[in-house]
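Protein chains in written order, with this note's numbering: chain A, 2 to 517; chain B, -11 to 295.
Worksheet: the structure to be examined is printed underneath.
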């Protein structure tokens, strides 16, 4: 509040005599009260951004499909590029805090064209995850109805295509409306949601292991050291696909590193929170991954984790047999966490689009802020329309929409994280060798992370041309995942060229200049 | 003397600025236009940058406030402030306390279709918590001239004297007539009963008005012209409709007994009045200290009700 008082004393130089407006410099220091988030709060924020219950149900199946029993190894290895990129992300965030993040940073480092594509990648990734979150929420919504009324027919309603699409659109509309109204999930709600998710995932793991111990597991498989060996994955293609999927499961972790002024101890809290968050997440991922593999095996029949039928949403299938009547808790945990994430993730593409509109990289209407609700109005609605359209297209063309969207999403995250990491290297190139800290955090880590992610991106993109890739859907002899991923990127290129014609200032570098 | 105006860049905000100007003109008050932006939370947004968004939000807020200042005529001193807070109402109350404001002015809503007043969520939250009087501008309020008359809605409950004091002070200071209004809802009831109820109400109002007037001792200031009217109808709304209202009039009412001391709670009668009322309404908190000077930020000028 001290900033407020200082600003009220500005000189009397308004449009009218005796009127003045506050000096706008330093306004960005307001907002969340400094020092309001402690270590536990920061960890809760980190875990809630990752949304482990949702992430696992969405990514576990597709990852098993790629790497089989080496799932634990891939989950561990997948964290490495995430960590490397997050270091660079933190440096950029400290140097240029901006609502456009990847868009702004890549524009400052590489100029408008690559910057635009970086922003597009970020927007596309968040929009794809929105449609997936909504779809997962809908699945578990019907599953829960089925469990409540003891009627499996209700759970099967989600397989009714028109009904499924209609319900998903309702979920997206609701989340959009909540975001538009500027309502945000509160701290208490997040604590409860995160606690509940961890508890239920723990319960699932314990129940699965006790089935294994009692000999009642579906396909009891003994844990082998080989499961933890990433080099045992059969092919580089499988490895790349697995890593790009596990980038998705850690996506959101970087937020803990970028919290500074709002933490009680900016020197120590972000680092500790990031460490604790990743420990919590890795432990829960390992436990659940091992429990799932031990209980269900990777067979392609019945409950096997290798059964393509199960891979869109593994807990929808396994929670019942593993947890018995308590499976409803799993439905509730995933429904609540994916619904909360759906709403909180809406904020991301909306703010990036707003920022792009502000920097004249998109039509002016994207930079509109609602006078009543003070939220990005046009950008929020545009995101919802895009997410809905993406879902309808995927759902009607794919045999397993959830699976294919998650694979395409992994690709998209690799794409924009890769660009962001290299933007960090390029932006700080002048100071890369000015000291050990700068060398590691501004150069080496982001360089390695960025290169790894872009390699994963290109490899996955190349492999996904195979019609058998992902769930095995294809259009015109090309894999659907390739079409989705490349289609979205190509669409970005087209829109970029249109924008360059319509509103050339940004593309001439007149708005965001390169370099320092 | 200072008035805090809760501004938003929509019709509701314009209503508030217009009413603020019209109230300030009679009293030489200065306006503090406050635009509340939401506190950008870390807990509510995944994958979303916070700092940069705050910056854009504040830039936009600043632009909106510049437009708001342009609505204020040159004769009225005004300043603009951006405040952030979880709740608009709480941020406005905090600003009112910070500036030692005598009045908080807001637009009631922008979505009243059939009635001029239908309370928006901010207004309703304010009415439950404000410690200073709250002025509500009806939908589409566009007048910017000084007030021409003050009405004071008188109930029969405790606190009427204080409200009358306040109203009388306001009328004196602005040199406009004061009309004491008694609103009666008569469900059914015969004509004779209605007439006697009206008579009783008139007597009550006249008695209190006489008590509130300084009486014998002739002040330097002139007494305002006063009158007492009783309005009847099958409902409170009808009673309000039957009264004549000047364009430049405001209605003062006291807050409900439910209110904790020094804060406002809009009672059900007041709520119904509000729905039918064509002019702005000022709701005064119960036990509002009318003559309190000690925490005023502007000791040189008399406060709203100072006689």
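Where a beta carbon is used, it is the ideal one built from N, C-alpha and C, also for glycine.
- Between residue 162 of chain B and residue 14 of chain B, the C-beta spacing is below 8 angstroms.
- Judged by their CB atoms, residue 246 of chain A and residue 408 of chain A are nearer to each other than the 8 angstroms cut-off.
- When DSSP reads this structure, residue 359 of chain A sits in no beta bridge, so it has no partner.
- Residues of the segment 351 to 371 of chain A with a C-beta atom less than 7 angstroms from some C-beta of chain B are 352, 355, 356, 359 and 370, listed in chain order.
- Identification of chain A residues near residue -3 of chain B by a Cβ-Cβ cut-off of 7 angstroms yields 372, ordered along the chain.
- In the structure shown, residue 377 of chain A adopts extended strand secondary structure according to DSSP, grouped into three states.
- Contact annotation: the segment 476 to 496 of chain A does not touch the segment 339 to 351 of chain A, with fewer than three C-beta pairs closer than 8 angstroms.
- Residue state for residue 69 of chain B is assigned as strand, using DSSP reduced to three classes.
- Between the beta-carbon of residue 304 of chain A and that of residue 59 of chain A there is about 18 angstroms, and that puts the pair past the 8 angstroms contact cut.
- If the five residues before and after residue 240 of chain B are omitted, its C-beta is found closer than 6 angstroms to the C-beta atoms of 140, 155 and 270, all from its own chain and listed in chain order.
- Residue pairing by DSSP places residue 24 of chain B opposite B/71 in a beta bridge.
- With respect to residue 256 of chain A, residue 46 of chain A sits close: the two C-beta atoms are nearer than 8 angstroms.
- In terms of beta-carbon proximity, residue 100 of chain A lines the interface with chain B, with at least one pair separated by less than 8 angstroms.
- Relative to residue 70 of chain A, the option among A/200, A/323, A/296 and A/170 whose CA is nearest is A/296.
- Against chain A, the beta carbon of residue -7 of chain B has no neighbour under 9 angstroms; the closest one sits roughly 13 angstroms away.
- At a cut-off of 8 angstroms, the C-beta of residue 443 of chain A has no neighbouring C-beta in chain B.
- Using beta-carbon distances, residue 5 of chain B does not count as an interface residue toward chain A, since no partner is under 8 angstroms.
- The alpha helix (DSSP H) runs lying completely inside the segment 217 to 276 of chain A and spanning 4 residues or more are 237 to 251 and 255 to 259, given in chain order.
- Closer than 8 angstroms to the CB of residue 25 of chain B there is at least one CB belonging to chain A.
- The shortest CA-to-CA distance from residue 419 of chain A to any of A/360, A/42, A/52 and A/104 is the one to A/104.
- Taking 8 angstroms as the cut-off, the beta carbon of residue 136 of chain B is found closer than this to the beta carbon of residue 236 of chain B.
- With its beta carbon at least 8 angstroms from every one in chain A, residue 233 of chain B lies outside the interface.
- Going by C-alpha positions, residue 188 of chain B is about 19 angstroms away from residue 228 of chain B.
- Chain B places no beta carbon closer than 8 angstroms to that of residue 419 of chain A, leaving this residue out of the contacts.
- Within chain A, not a single residue places a beta-carbon under 9 angstroms from that of residue 172 of chain B; the smallest gap is close to 38 angstroms.
- Rounded to whole angstroms, residue 311 of chain A and residue 391 of chain A show a C-alpha spacing of 22 angstroms.
- Between residue 273 of chain B and residue 118 of chain B, the CB-CB gap stays under 8 angstroms.
- By the Cβ criterion, the segment 438 to 449 of chain A is not in contact with the segment 458 to 468 of chain A, since fewer than three pairs of Cβ atoms, one from each stretch, lie closer than 8 angstroms.
- For a cut-off of 8 angstroms, the C-beta gap from residue 79 of chain A to residue 248 of chain A is around 6 angstroms, short enough to register as a contact.
- In the pairwise beta carbon analysis, the segment 377 to 392 of chain A is classified as not touching the segment 0 to 16 of chain B: fewer than three pairs are separated by under 8 angstroms.
- Residue pairing by DSSP places residue 95 of chain B opposite B/125 in a beta bridge.
- In terms of beta-carbon proximity, residue 124 of chain B stays away from the interface with chain A, with every pair separated by 8 angstroms or more.
- Taking 8 angstroms as the CB threshold, residue 48 of chain B lines the interface with chain A.
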